[in-house]
Amino acid sequence: MRICVFLLSFIVIFNLTCKANAFELKKKDAREREAEYVHKVLKEEEKEKYDRKKYNYKPSGYMTVDEYEALSTYKNKTEDKIEIPKVKKSSDMKYVPQPTYRIVRYNDPPGSPELNITKKFFKLRQYNGQGITAPDFSIMVYPVVYYYPNSASTASDLFVIKLEEDGTPLSKILRANVVKRIPEPIVSTDKSIDNSAAFRTLTPIDFSADSSKLLLKEKIGSSLDGIWQTNAIVYDFETKTSYNLVEVRDAIIYYWKENKGLNLDDVRWDIYPLGFMKNEPDRIAVCAYAYTGKAPVFLGIWSVDSHGEQSRLISFDIADVEISINGFKIVQDGVVKPVILENEEKAQKKLEEKQAKDEKKKEEAYYKQLDKECKQKLKQMDTEFRETRKDYIKQRSIGGTTTFNEAPAQFKEIKIKQLTKEIKKDEKQLQKDLKYLKKLDKELKKIQSSN
Numbered sequence: 298m299r300i301c302v303f304l305l306s307f308i309v310i311f312n313l314t315c316k317a318n319a320f321e322l323k324k325k326d327a328r329e330r331e332a333e334y335v336h337k338v339l340k341e342e343e344k345e346k347y348d349r350k351k352y353n354y355k356p357s358g359y360m361t362v363d364e365y366e367a368l369s370t371y372k373n374k375t376e377d378k379i380e381i382p383k384v385k386k387s388s389d390m391k392y393v394p395q396p397t398y399r400i401v402r403y404n405d406p407p408g409s410p411e412l413n414i415t416k417k418f419f420k421l422r423q424y425n426g427q428g429i430t431a432p433d434f435s436i437m438v439y440p441v442v443y444y445y446p447n448s449a450s451t452a453s454d455l456f457v458i459k460l461e462e463d464g465t466p467l468s469k470i471l472r473a474n475v476v477k478r479i480p481e482p483i484v485s486t487d488k489s490i491d492n493s494a495a496f497r498t499l500t501p502i503d504f505s506a507d508s509s510k511l512l513l514k515e516k517i518g519s520s521l522d523g524i525w526q527t528n529a530i531v532y533d534f535e536t537k538t539s540y541n542l543v544e545v546r547d548a549i550i551y552y553w554k555e556n557k558g559l560n561l562d563d564v565r566w567d568i569y570p571l572g573f574m575k576n577e578p579d580r581i582a583v584c585a586y587a588y589t590g591k592a593p594v595f596l597g598i599w600s601v602d603s604h605g606e607q608s609r610l611i612s613f614d615i616a617d618v619e620i621s622i623n624g625f626k627i628v629q630d631g632v633v634k635p636v637i638l639e640n641e642e643k644a645q646k647k648l649e650e651k652q653a654k655d656e657k658k659k660e661e662a663y664y665k666q667l668d669k670e671c672k673q674k675l676k677q678m679d680t681e682f683r684e685t686r687k688d689y690i691k692q693r694s695i696g697g698t699t700t701f702n703e704a705p706a707q708f709k710e711i712k713i714k715q716l717t718k719e720i721k722k723d724e725k726q727l728q729k730d731l732k733y734l735k736k737l738d739k740e741l742k743k744i745q746s747s748n
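Using the working numbering, the first residue of the sequence shown is number 298, and each one after it goes up by one.
Listed below in structure tokens is the structure:
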């Protein structure tokens, strides 16, 4: 009986000892617990990273301080490319009369173009005149008039917009925008503000037939007593220079003083540029009037070379002069019919529904791909952590140091054997894959040769 009790006590003590030893083997030290904690933190950060990608698919405004500061850094706006915003038509919009346009000749009748400045100009302090397009539809020019309230005076610039190469002439003109203009004006008036109530404006008259030159007029005067003088100016796009045709004014003064005894310096008179002559494309025609009484006195039609040479009297009858009309402008032709807009609305609804479905599929596919990438990344992290933990436990079990940089020789040998075994296994699998690919290649060549 005593022997049985002794054996039973021995067995109980042995089992307890084995459990204690097993507990000691399974017990994790501080370094393992720290590694597990770090691993969990890294996994949470990785999950958060993928969650942020989901939120940023449609920007919500949530961001870190670093992200906010990165977006808030100063940027030089002169180096940014500004795109013209495109207003999207909504499918549920109501009918609003939309204008339609057509192209017409600009200088028709000759010498008629004028600026349409209204009272609104004095509030806005800037007026953009209508553009005139070259005969080859390569460029458009338009005047800008500025108002200086301190002196109640005005000044003007003439700018160029390069038209797009693609599209119809009408679509080219409609797509022209001041954002696309060349920054520097091609012609400018005097911008001094020392003369109170003085105005200086530029008005394009017409292009030459070959689009190489532009005729414009500069009006100089006072808002208190009217126009003082009109200058005819020609801009050459090939040489990029402008020339004031003062010679034609001198020729008119000389002719009337020598032949009629009328001194135009004693009266108010002016010229009106008409355009380029049809039979002589390099010459400009102007008509002149003197204001000596109630009715203006016609001083004849004169022509001058585009460089101010060979000024001469053409005729006292305007019907004898043929002026070429070369430039173009657009005018409103009517409005879009309601039935056209209704058809566009139906088509737009179908398009929006399709775009919404496509966007939803795209969003779902994006989220699905992110979840897949996140799972793969977490699985890879777990695998790497388990491998690292195995190496750590193995190294600790053989009694070596747990610092991997100072691994004992025995652990190094075990690790080298393990890696060598894995390399051989992968090489064998690679050889099998190569043999299979060669086999498929032979079968493909046989099929191609039989055909």
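Where is the CB? At the ideal position from N, CA and C, for every residue including glycine. Every value quoted in this text rests on a predicted model; they were computed, and no experiment measured them.
Euclidean distance between Cα positions of residue i and residue j
| i | j | result |
| --- | --- | --- |
| Leu648 | Pro635 | 20 Å |
| Thr465 | Ile622 | 21 Å |
| Leu798 | Lys722 | There is simply no residue 798 to check, as the chain begins at 298 and stops at 748 in what is shown. |
| Glu650 | Tyr663 | 20 Å |
| Asn556 | Thr415 | 42 Å |
| Ala616 | Ser608 | 20 Å |
| Arg686 | Asp377 | 53 Å |
| Asp567 | Glu462 | 40 Å |
| Gly426 | Asp491 | 25 Å |
| Val618 | Pro407 | 11 Å |
| Lys575 | Ile502 | 15 Å |
| Asp655 | Lys665 | 15 Å |
| Leu368 | Met360 | 10 Å |
| Asn318 | Leu734 | The predicted position of Asn318 is uncertain, since its pLDDT is 45 and thus under 50; a value taken from the coordinates is nonetheless stated next. Whole-angstrom Cα-Cα distance: 54 Å. |
| Tyr444 | Lys510 | 28 Å |
| Asp563 | Pro593 | 15 Å |
| Gly523 | Glu380 | 42 Å |
| Glu724 | Lys344 | 35 Å |
| Glu670 | Tyr352 | 16 Å |
| Leu741 | Leu727 | 21 Å |
| Pro394 | Val632 | 6 Å |
Assigned exposure category for residue i - 16 Cβ within 10 Å defines buried
| i | result |
| --- | --- |
| Ser489 | exposed |
| Gln692 | buried |
| Val362 | exposed |
| Glu515 | buried |
| Pro410 | buried |
| Arg497 | buried |
| Trp599 | buried |
| Gln736 | A small correction: the amino acid at residue 736 is Lys; Gln does not occupy that position in the sequence shown. Its Cβ having fewer than 16 others within 10 Å, Lys736 is exposed. |
| Arg349 | exposed |
| Val335 | exposed |
Member of the options whose CA lies at the smallest distance from the CA of residue i
| i | options | result |
| --- | --- | --- |
| Cys584 | Glu719, Val594, Leu571 | Leu571 |
| Lys626 | Ile470, Gln745, Gln526 | Ile470 |
| Glu535 | Leu542, Gln526, Ser508, Gly558 | Ser508 |
| Pro578 | Leu512, Ile517, Ile550, Lys537 | Leu512 |
| Asn447 | Arg422, Thr430, Ser453, Leu455 | Arg422 |
| Lys325 | Ile690, Thr538, Lys732, Lys344 | Ile690 |
| Tyr586 | Ile713, Arg546, Phe418, Asn413 | Arg546 |
| Val442 | Leu460, Lys417, Phe434 | Lys417 |
| Glu681 | Ala327, Tyr354, Leu339 | Leu339 |
Cβ-based neighbour list, residue i, same chain, cut-off 7 Å, excluding 5 preceding and 5 following
| i | result |
| --- | --- |
| Ala494 | Ala449, Ser450, Ser519, Ser520, Leu521 |
| His604 | Tyr540 |
Residues bridged to residue i (per DSSP)
| i | result |
| --- | --- |
| Glu515 | Leu499, Asn528 |
| Asp567 | Tyr586 |
| Gly523 | Ser519 |
| Ala452 | Tyr443 |
| Ser600 | Ala582, Arg609 |
| Gln652 | According to DSSP, Gln652 bridges with nothing at all. |
| Gln629 | Tyr398 |
| Val484 | Leu455 |
8 Å Cβ shell around residue i - same chain, five flanking residues per side excluded
| i | result |
| --- | --- |
| Leu467 | Tyr398, Arg399, Ile400, Ile627 |
| Ile458 | Gly428, Ile436, Met437, Val438, Tyr439, Ala473, Asn474, Val475, Lys477, Arg478, Ile479 |
| Lys554 | Asn560, Leu561 |
| Val543 | Asn528, Gly605 |
| Asp405 | Ile622 |
| Gly624 | Arg402, Tyr403, Asn404, Ile429, Thr430, Ala431, Pro432, Pro501, Asp503, Phe504 |
| Glu710 | none |
| Ala506 | Pro432, Phe573, Pro578, Ser621, Asn623 |
Contacting residues, own chain, Cβ-Cβ under 6 Å from residue i (five flanking each side not counted)
| i | result |
| --- | --- |
| Asp730 | none |
| Asn702 | At Asn702, the pLDDT of 48 sits below 50, so the modelled position is not reliable; the number obtained from the coordinates is stated separately. Result list for Asn702: empty, nothing under 6 Å. |
| Ile485 | Before going further, note that residue 485 is Ser rather than Ile in the sequence given. Closer than 6 Å at Cβ, skipping near neighbours: Asp454. |
| Arg565 | Tyr588 |
| Phe307 | Bear in mind that a pLDDT of 49 at Phe307, under 50, signals an unreliable position, so the model cannot answer this. |
| Lys674 | Glu343 |
| Gln526 | Ile517 |
Distance cut-off 7 Å: residue i Cβ against heavy atoms of the ligand ATP
| i | result |
| --- | --- |
| Lys736 | Ligands in the displayed structure: none, and consequently the ligand ATP is not present. |
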